[in-house]
Every structure is written in structure tokens, then in C-alpha cells.
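Student: Below is a structure I'd like to ask you about.
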Amino acid sequence: MENPIIVALDLPSPQKALKIAEELAPVVGAFKVGKQLFISGGSDVLRKLRATGAKVFLDLKLHDIPNTVAKAVMAATDLGVQMTTVHASGGSAMLAAAGNAAHEQAAMLRSEEPLVLAVTVLTSMDDGDLAELGIEGGTQEQVLRLAKLATGAGLKGLVCSPQEIEMLRAELGDNVQLVTPGIRPASSRPDDQKRTLTPAEAIAAGANWLVIGRPITGAADPKAAAIGILHSIDPELVPESERPEPIPEVVDCAECGKSLKLDATEQATGRYHCPYCDKDVVH
Ligand code: C5P
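Under our numbering, the residues of the sequence shown are numbered -12 to 270, in order.
And the structure:
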């Protein structure tokens, strides 16, 4: 299995994003650059992220006439990104144009073809928002309709919420790549995410890639947080050079000194949440 962690670099400046990316590159699979970071940092930030060796996911959620979207996807391919997004609601001609543009431009450059991911229904929208747009039948039905439209137009990946992974995997089979945000490790705060899965649950449900932001970028030690998440999915995913010495099963909390029994992940990563002092501790 490839390292499935995509770190959402939702940070206030390109400098901060690049600093954290350099630290995280050895232990994550990809970095996601959204509209804010791309508008402030431009293609320069993408080149510098590529130079860390990790994959780059340019998340601009394109939605325009087919020709314009195709040209934008070609430009993203020129920049060497590995993943990019379009809105499935742009229609089958736009989706096919996006997929073809990625294929043909990569063939011309003799480079790796970026994975064009379709975004179905934004998770900020509910059934009432769709009804306002004249779409009856609810979000689940619309997600499935748009997912089938996108894969029918030749796209090989979708962005979906944790709640949709099992349904999409069952309906569309194993060939589609599913990328999901809304991931929270068991010990993390939910922030503004409402319906979350843990990293291991999302992978077990059928996700290929996990978009994770604040649980990593907002942690006191982002690299240790990423290693802990990787370990919880599959200890073998942690690069050997990054595996800390395991600590004993029973330790005294490094913050408050009370005795605790740790699980296997906590022992291997040296990170735990102490129920006595309610702190996230790096031993
Ligand atoms: O910090 P957090 O882990 O919540 O970041 C999740 C990332 O995934 C953010 O960049 C957010 O914009 C994005 N996202 C999301 N939910 C969606 C689509 C994208 O959280 N439905």
C-alpha cells in the first residue's frame, strides 16, 4: 500500500506551508494546495512542494466550459501535479475534456498522467440546498448520479465524504480512486468536521487517499502526528528511518507522572493522550 496521507496545506502563507511540507515530506504521500495557497503562492509553491519529493494535489475544483477546463488541466499537467479536481456538475463534456487533457498533455510531455478527481456534492450542502437548485431526491442520490457521470466520462477518481465511501465502492467497484476528507484520529478534536471517520476506518471502508489538515498541521509536533496516523493504518507504512524506539506498555505520563497502560500504536509512536492531565503527550 502507498502512503495514503494527503496533508491539506491550509496555512496562512506560502512560507509557512513550505516549512511544514519540508518537515513532513518523508512521512506523507502528498500535499494538497487549495485556492488560498495557490492564489497567494502560485506555481512557485507547487514547484517547491514537488522538490520535497512528495506528490502534489492541486485542488482548484474547476467548473467552466469544456475548453477552458481542458486548458487549465493541461497547465496543471505542465506544472507536474499528480492530482487535481473538477466539479462533476460541470457535465459529461467538461469531465471528458478534463480527463482527455490530462492524458494527452502527459503523453506529449512523456510525464505521469495526473489523476483528475471529480467533486460530487459539496459536503457543505444538504438536501434543502439541492432543492433550492431544483435538484430533488437528496444528496445521496445526487452524489451517486454525479459519481456515475464522472466515471462514465472516463475519470478515474472521486472526492467523497467518509459517509459515501462504502456506497461508492459498492456501486462503482475497485477501479475508482476515492479521496476523502473529514478524517479525525481517535484522539483528535473534530474542529468543524461533523461526520468523521478515523484514518483506519476510512481505509477499511475503501478509501485510497485521506485528506488530513489540522490534526497534522495544527499538532504540537506535526511529523510525530503524521507518523502516529500512519502507524494506526499500518505500521509497515512508517519508513524504517522514522520509526522511534518503542516504549514500554506501562509508563509514567511525561507530563503529570501518573501511571498509564499504552496500546501498541502508542508504544510504537511514543505519543498518547493522558486521561489524567488531559494532554497530548510525546514521551
Ligand atoms: O483540517 P481538516 O482535516 O478538516 O482539512 C480538511 C481539508 O479537506 C480542508 O482543506 C477542507 O477544505 C477539505 N475538504 C473538506 N470537506 C470536503 C471537501 C474538502 O474538509 N467535503
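Glycine residues also receive a C-beta, built at the ideal position from the N, C-alpha and C atoms.
Decide yes or no for the touch test of the segment 202 to 218 against the segment 232 to 245: beta carbon pairs closer than 8 Å, at least 3 of them.
Tutor: Verdict: no, contact absent.
Student: Terminal residues of the continuous beta strand (DSSP E) containing residue 34?
Tutor: Within the sequence shown, numbered from 1, the residue matching residue 34 stands at position 47. Unbroken run through residue 34 is the alpha helix (DSSP H), 22 to 37; no beta strand (DSSP E).
Student: In chain order, which continuous runs of the beta strand (DSSP E) of length 3 or greater are located wholly inside the segment 187 to 221?
Tutor: Taking only runs of at least 3 residues, the beta strand (DSSP E) segments lying wholly in the segment 187 to 221 are 196 to 199.
Student: The alpha helix (DSSP H) that contains residue 92, what's its start and end?
Tutor: By one-based count along the sequence shown, residue 92 stands at place 105. From DSSP, the alpha helix (DSSP H) with residue 92 extends over 79 to 96.
Student: Can you find a heavy atom of the ligand C5P that lies under 7 Å from the Cβ of residue 2?
Tutor: Here residue 2 refers to the residue found at position 15 of the sequence shown. No, the ligand C5P has no heavy atom inside 7 Å of this Cβ.
Student: To the nearest whole angstrom, what separates the beta carbons of residue 73 and residue 82, a pair I think is in contact under 8 Å?
Tutor: Translated into positions along the sequence shown, residue 73 becomes position 86. Translated into positions along the sequence shown, residue 82 becomes position 95. Rounded, the Cβ-Cβ distance is 6 Å, consistent with contact.
Student: Give me the Cβ distance between residue 69 and residue 42, rounded to the nearest whole Å; I'm assuming they're in contact under 8 Å.
Tutor: As a first step, residue 69 is located in the sequence shown; it is residue number 82 there, counting from the start. As a first step, residue 42 is located in the sequence shown; it is residue number 55 there, counting from the start. 4 Å between Cβ atoms; contact.
Student: Give the secondary structure of residue 239 by DSSP, where H, G and I count as helix, E and B as strand, and everything else as coil.
Tutor: Counting from one through the sequence shown, the residue named residue 239 turns up at place 252. Looking at residue 239 - three-state DSSP - the assignment turns out to be strand.
Student: Apart from the five residues on each side of it in sequence, which residues of its chain come closer than 7 Å, Cβ to Cβ, to residue 248?
Tutor: The residue given as residue 248 occupies position 261 in the sequence shown. Within the same chain, residue 248 has close Cβ partners 236, 237.
Student: Assign residue 72 to one of three DSSP states: helix, strand, or coil.
Tutor: What you label residue 72 is simply residue 85 of the sequence shown in a count that begins at 1. Residue state, collapsed to three classes: strand.
Student: Have a look at 85, 144, 172 and flag the residue whose alpha-carbon is nearest the alpha-carbon of residue 163.
Tutor: Counting from 1 along the sequence shown, the entry for residue 163 is found at position 176. Measuring from the Cα of residue 163, the nearest candidate turns out to be 144.
Student: Helix, strand or coil for residue 244? Go by DSSP, reduced to three states.
Tutor: As a first step, residue 244 is located in the sequence shown; it is residue number 257 there, counting from the start. Here residue 244 sits in coil by DSSP.
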